[in-house]
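J.: One structure, as structure tokens, below. Some questions next.
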Amino acid sequence: MADRTHKDNLDTPALIVNLDAMRHNITDMADFASAHHIRLRPHAKTHKTPTIGKMQLEAGAVGVTLAKLGEAEVFADAGFTDILIAYPLVGALKHRRLLALMERATITVTLDHVDIADSLSRTMAANGREIAVMVEVDTGMGRCGAQPGETALDIALHVARLPGLRLAGLLTHEGHAQFAGTPEQVRSTSLSAGEMMTETANLIRRVGVDVPVISVGSTATAKLTSLVEGVTEIRPGIYVFYDRGEMLHGLVPPERCAARVLATVASRPAPDRLILDAGSKALSSDGAGFAPPVGGFGYVVGYPDWNIRRLSEEHGIVSVSPDDAVQIGERVEIIPNHICPVMNLFDAMFITQGDEVIDRWPVAARGKSQ
Ligand SMILES: Cc1ncc(COP(=O)(O)O)c(C=O)c1O
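Residues 506 to 875, numbered by my numbering, are exactly what the sequence shown covers, in order.
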């Protein structure tokens with residue numbers, strides 16, 4: 506660690522993480538899971554940082570979820586022994602890396618198609634290995650996932666029959682539910698996703714095949730979907746920091762948003778426009794994800810009227826009131842729209858307590874896109 510210093514001494518743009526807010530978020534979700542007898546397997550692609558993953562395990566998480574083999578390799582290097590890779594692994598190159606990873610950690614993978622199952626089975630059987638497989642179900646997100654009911658049943662039975670594969674359960678990412686509309690609609694869409702999962706699991710069980718795990722995801726919905734009887738696991742990711750997207754959902758106030766981009770006012774070319782030194786290289790280009798879309802590329806703490814309306818790579822272009830007294834050189838904290846891609850843009854995060862920087866943690870699994 507570098508010497509302790511004041512936040513004002515950091516060059517910008519910089520990624521800062523408030524340790525107390527992050528600890529609170531980690532404990533809050535772990536307490537929810539424990540009170541509801543649900544296993545917590547956080548999606549660690551949000552932070553990409555083994556040090557934070559260890560805090561989640563210490564709080565009670567059973568293991569981590571990751572999206573990429575490269576991320577899983579970094580976490581295995583750091584001593585993580587129970588990793589779910591929630592992404593279909595296709596092709597000999599990935600299978601070779603998967604086999605190597607299985608020497609170091611217990612790995613579970615997801616798939617949603619019989620062809621993926623067949624090729625994974627061939628690899629495992631040829632190498633005398635067995636891998637746990639979760640069948641991904643599309644409960645409405647329209648991304649990966651077999652349709653619930655008969656389609657998912659057929660794939661699950663196919664997996665259960667193949668050598669080298671063990672059916673571990675069913676998985677969904679009901680991320681769509683958070684955009685369902687009113688809080689009541691979000692709740693009912695989340696619950697119906699959970700019910701699709703338990704009904705599909707019961708179809709599989711009725712033919713005598715065990716479905717030990719029913720895993721659901723998403724920070725905005727984890728505390729709802731898991732209320733369905735039979736759901737066994739949640740995989741929220743963003744909750745560790747929260748972000749503007751989750752603020753707009755009404756999940757948390759700005760104080761709970763632990764990760765921020767520290768930026769400097771680099772220019773004020775017009776009375777109603779200023780430039781921050783945080784553009785898409787610091788904030789990513791992700792919108793806040795609403796339909797219809799909510800504009801802006803982040804929430805500037807303490808300046809709710811500022812609108813980061815456009816980004817170039819190095820420029821955050823902000824609309825302000827001509828009466829605003831802000832000066833060139835002032836520093837602000839931005840809560841990004843979506844924190845996961847922002848973590849991928851920084852080599853390290855500065856850990857803060859109050860206004861003091863107390864540590865610097867590398868984002869060890871950033872850039873692991875393969
Ligand atoms: C498969 C899967 N599970 C869990 C999550 C975590 O959801 P969130 O980022 O809303 O916390 C994601 C996020 O994209 C995901 O893709």
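Glycine residues also receive a C-beta, built at the ideal position from the N, C-alpha and C atoms.
Helix, strand or coil for D513? Go by DSSP, reduced to three states.
T.: In the structure shown, D513 sits in a helix (DSSP, three-state: H, G or I).
J.: Looking only at DSSP bridge pairs, what is E751 linked to?
T.: None; E751 has no bridge partner.
J.: Quick check on P818: does DSSP put it in helix, strand or coil?
T.: Here residue 818 is Glu; the residue named in the question, Pro, does not match the sequence. The answer is coil: DSSP assigns E818 none of H, G, I, E or B.
J.: Based on the DSSP output, what are the partners of E738 in its beta bridges?
T.: DSSP lists R544, S720 as partners of E738.
J.: So D587 packs on V614, CB below 8 Å; how close in whole Å?
T.: D587 to V614, Cβ: 13 Å. No contact.
J.: Buried or exposed: where does I833 fall if 16 or more other Cβ atoms within 10 Å of its Cβ makes it buried?
T.: Result: exposed.
J.: Using 7 Å as the cut-off, classify the Cβ of T724 as near or not near the heavy atoms of ligand 1, replying yes or no.
T.: Yes, since a heavy atom of ligand 1 falls inside the 7 Å radius drawn around the Cβ of T724.
J.: May I ask you to list the residues that DSSP assigns as paired with L658?
T.: According to DSSP, which records beta bridges pairwise, L658 is partnered with nothing at all.
J.: Of the residues F746, R671, S826, which one's Cα is nearest the Cα of I856?
T.: For I856, the nearest C-alpha among the options comes from F746.
J.: Count the other CB atoms, across all protein chains shown, that sit within 10 Å of the CB of N707; report buried if there are 16 or more and exposed otherwise.
T.: So N707 counts as exposed.
J.: Drop a sphere of 10 angstroms on the beta-carbon of D620, count the other beta-carbons inside from all chains shown, and report buried for 16 or more, exposed for fewer.
T.: Flag for D620 reads exposed.
J.: Counting Cβ pairs, one atom from each stretch, are 3 or more of them under 8 Å apart for the region 570-581 and the region 750-761?
T.: Contact between the region 570-581 and the region 750-761 is absent, because fewer than three Cβ pairs lie under 8 Å.
J.: Candidates G575, A535, A549: which alpha carbon is nearest H563's?
T.: The sequence shown places Glu at residue 563, not His. Nearest C-alpha to E563: A535.
J.: Which residue comes first and which comes last in the beta strand (DSSP E) that contains V770?
T.: Counting along the chain, the beta strand (DSSP E) containing V770 begins and ends at 764-775.
J.: Do I521 and M854 come within 8 Å of each other at the CB atom, strictly closer than that value?
T.: In contact: M854 and I521 (Cβ atoms closer than 8 Å).
J.: Skipping 5 residues on each side, what residues in its chain have a beta carbon closer than 6 Å to that of Y592?
T.: So the qualifying residues of the chain are A572.
J.: Kindly indicate the opening and closing residues of the beta strand (DSSP E) around L676.
T.: Where L676 is concerned, the enclosing beta strand (DSSP E) stretches over 670-676.
J.: CA-CA distance, T656 and L667?
T.: The straight-line gap from Cα to Cα measures roughly 17 Å.
J.: Using alpha carbons as the reference points, say which of V691, T737, A651, R765 lies closest to H542.
T.: Checked all of V691, T737, A651, R765; the closest Cα to H542 is T737.
J.: CA-CA distance, D860 and E838?
T.: Roughly 12 Å separates the two Cα atoms.
J.: Do you know offhand how far D715's Cα is from H681's?
T.: Using only the alpha carbons, I get a separation of about 28 Å.
J.: With a cut-off of 8 Å on the beta carbons, I'd call P935 and P741 a contact; round off their distance for me.
T.: The structure shown does not extend to residue 935, since the chain spans only 506 to 875, so no value can be given for it.
J.: Taking only the alpha-carbon atoms, compute the straight-line gap between V799 and A665 and give it to the nearest angstrom.
T.: Roughly 44 Å between the two C-alpha positions.
J.: Could you tell me the alpha carbon to alpha carbon distance between C649 and F684, rounded to whole angstroms?
T.: In a straight line, the C-alpha of C649 is about 18 Å away from that of F684.
J.: From the DSSP output, read off the bridge partner residues of F855.
T.: Paired residues: I521, R865.
J.: Return the residue from the list D623, G633, S624 that minimises the CA-CA distance to M607.
T.: Closest by alpha carbon: G633.
J.: Just to confirm, is the Cβ distance from G669 to M629 under 8 Å?
T.: The answer is yes: Cβ separation under 8 Å.
J.: Between I780 and the rest of its own chain, which residues show a CB-CB distance below 8 Å, the 5 nearest in sequence each way excluded?
T.: V770, A771, S772, R773, P774, H820, G821, I822, V823, listed in sequence order.
J.: Could you tell me the boundaries of the beta strand (DSSP E) in which A631 lies?
T.: It is not in any beta strand (DSSP E) - A631 instead sits in the alpha helix (DSSP H) that spans 619-631.
J.: State the Cα-Cα distance for the pair E635 and R671, rounded to the nearest angstrom.
T.: Their Cα atoms are separated by approximately 7 Å.
J.: Start and end of the beta strand (DSSP E) containing E641?
T.: Note, E641: beta strand (DSSP E), 636-641.
J.: Using 7 Å as the cut-off, classify the Cβ of I780 as near or not near the heavy atoms of ligand 1, replying yes or no.
T.: No, Cβ of I780 sits at least 7 Å from all heavy atoms of ligand 1.
J.: Can you tell me whether C762 sits near ligand 1, meaning its C-beta is under 7 Å from at least one heavy atom of the ligand?
T.: Every heavy atom of ligand 1 is 7 Å or more from the Cβ of C762, so no.
J.: Less than 8 Å separating the beta-carbons of H754 and A727?
T.: The answer is no: Cβ separation not under 8 Å.
J.: Tell me N812's beta-bridge partners as DSSP assigns them.
T.: Answer is S824.
J.: Examine ligand 1 and report whether any of its heavy atoms sits within less than 7 Å of the Cβ of Y911.
T.: With the chain covering 506 to 875 only, the question about residue 911 has no answer from this structure.
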